[in-house]
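What follows is a set of notes on a single structure, which appears directly below.
Number of protein chains: 2
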Amino acid sequence: MKYGVVAFPSKKLQDLANAYRKRYDPHYAQITPHLTVKGVFEANDQEIEEVAKAIKEVTKKHTPFELNVSKVGTFAPITNTIYFKATLNDELAALHKDLNNDFFGEKPEFAFVPHVTIAQKLSSGEHDDIIGQLKMIGVDHTETIDRLHLTYQLEDGSWTVYETFRLDEDN
Amino acid sequence: MKYGVVAFPSKKLQDLANAYRKRYDPHYAQITPHLTVKGVFEANDQEIEEVAKAIKEVTKKHTPFELNVSKVGTFAPITNTIYFKATLNDELAALHKDLNNDFFGEKPEFAFVPHVTIAQKLSSGEHDDIIGQLKMIGVDHTETIDRLHLTYQLEDGSWTVYETFRLDEDN
Numbered sequence: 004m005k006y007g008v009v010a011f012p013s014k015k016l017q018d019l020a021n022a023y024r025k026r027y028d029p030h031y032a033q034i035t036p037h038l039t040v041k042g043v044f045e046a047n048d049q050e051i052e053e054v055a056k057a058i059k060e061v062t063k064k065h066t067p068f069e070l071n072v073s074k075v076g077t078f079a080p081i082t083n084t085i086y087f088k089a090t091l092n093d094e095l096a097a098l099h100k101d102l103n104n105d106f107f108g109e110k111p112e113f114a115f116v117p118h119v120t121i122a123q124k125l126s127s128g129e130h131d132d133i134i135g136q137l138k139m140i141g142v143d144h145t146e147t148i149d150r151l152h153l154t155y156q157l158e159d160g161s162w163t164v165y166e167t168f169r170l171d172e173d174n
Numbered sequence: 004m005k006y007g008v009v010a011f012p013s014k015k016l017q018d019l020a021n022a023y024r025k026r027y028d029p030h031y032a033q034i035t036p037h038l039t040v041k042g043v044f045e046a047n048d049q050e051i052e053e054v055a056k057a058i059k060e061v062t063k064k065h066t067p068f069e070l071n072v073s074k075v076g077t078f079a080p081i082t083n084t085i086y087f088k089a090t091l092n093d094e095l096a097a098l099h100k101d102l103n104n105d106f107f108g109e110k111p112e113f114a115f116v117p118h119v120t121i122a123q124k125l126s127s128g129e130h131d132d133i134i135g136q137l138k139m140i141g142v143d144h145t146e147t148i149d150r151l152h153l154t155y156q157l158e159d160g161s162w163t164v165y166e167t168f169r170l171d172e173d174n
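These protein sequence lines map, in sequence, to chains A and B.
For the first sequence, my numbering assigns the number 4 to the initial residue and increments by one for each residue that follows.
For the second sequence, my numbering assigns the number 4 to the initial residue and increments by one for each residue that follows.
The following block contains the structure:
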């Protein structure tokens, strides 16, 4: 089964992201807006119990982090994905490190660019048409993220939450 | 903000429900297949923290319950909703009672008929066309539910998980 670890931002930021996703993201209906902290990995039913325990141990040791999105970015020309770029502060970097280095699943191929996707799978033409405008409109939002969610994917591509982990001592 | 408390069944049962929902449920994309334990209620940001604590207290006192779905039912003629009917065993009945009687939110208007919706908002014609066949195909699945999820609704109608509660002592 496919799993991933994400943070769901507040309703306010999710609604804002969805206003774009509705038009520009074919994965719009598969999961609500999120920031991925650990990308897709495979685990079976036995393994995931161990992984969930390990995630709990990690999240226990971390504190809530500030999610600050202040600009629109793009992964083009690698992929035509447009996103709200989140500031990579120390807390978030440490949390990502603990869930990806020497942890279950493969080590990420790319550097960690924390973000909330607002558009993807665009043609180059579509991407180039809207990126300027989206960058100009921009985004400016700060909130505290105090929990992560372990999610799994159904056959139709949609994601269900398996478990929530609070970022604090008593978890 | 609108909240609700649900149980998400295993991937197996969710995939089965989605095979029908894809065709017959316009809410298909808003939430993955679920069994509602506490229907929609309103709460503000302060209230929900208290409610979450209270749900935690309730779920701590309950143990995992058996989810057994063995027939297809319909709420027609009240609404043209078709569902996998879950057996109302003592554990599930007690859990529902503790989250709905003398608890935050209004007392439910109807008796508790635990179910996983597979079709809704059908016209009477559509409903009558498919109910016989769906009943004949039937369903037969049993699993253990060991957690509930507190969810909230975004402006576009989709639902995000706010928190997970394990049905066991150490929660």
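The C-beta atom is built at its ideal place from N, Cα and C for all residues, glycine as well.
Review point. For H118(A) versus L16(A), is the C-beta distance shorter than 7 angstroms?
Key: no
Check your understanding: For G160(A), does the three-state DSSP call read helix, strand or coil?
Key -> coil
Exercise for review: Note the first and the last residue of the continuous beta strand (DSSP E) segment covering S13(B).
Suggested key: Here S13(B) belongs to no beta strand (DSSP E), and DSSP marks it neither H nor E.
Point to revise | Minimum length 4: unbroken alpha helix (DSSP H) runs contained in the stretch 44 to 106 of chain B | key: 48 to 64 and 93 to 103
Review point. In the DSSP assignment, what residue or residues form a beta bridge with I148(A)?
Key: F68(A)
Exercise for review: Using a cut-off of 8 angstroms between C-beta atoms, extract the partners of D159(B) located in chain A.
Suggested key: D18, N21 and K25
Practice item. Starting from the C-beta of A46(A), find all residues in its chain whose C-beta is less than 6 angstroms away, skip the five residues before and the five after it, and write them out in chain order. Key: Y6 and V54
Practice item. Evaluate K14(A) with the Cβ neighbour count: other Cβ atoms within 10 Å of its Cβ, from every protein chain shown; 16 or more gives buried, anything less gives exposed. Key: buried
Practice item. Output yes or no for whether 7 angstroms exceeds the beta carbon distance between I85(A) and A122(A). Key: yes
Practice item. Kindly list the residues whose CB is nearer than 8 angstroms to the CB of N21(A), restricted to its own chain and excluding five residues on each side of it in sequence; keep chain order. Key: Y31, T35 and P36
Practice item. Assign N83(B) to buried or exposed, taking buried as 16 or more other Cβ atoms, counted over all protein chains shown, within 10 Å of its Cβ. Key: buried
Review point. With 16 as the cutoff for other CB atoms within 10 Å, does A10(A) come out buried or exposed?
Key: buried
Review point. Can you find a CB in chain B that lies within less than 7 angstroms of the CB of A10(A)?
Key: no
Practice item. Please compile the residues from chain A whose C-beta is within a distance smaller than 8 angstroms of the C-beta of V164(B). Key: F11, H152, V164 and T167
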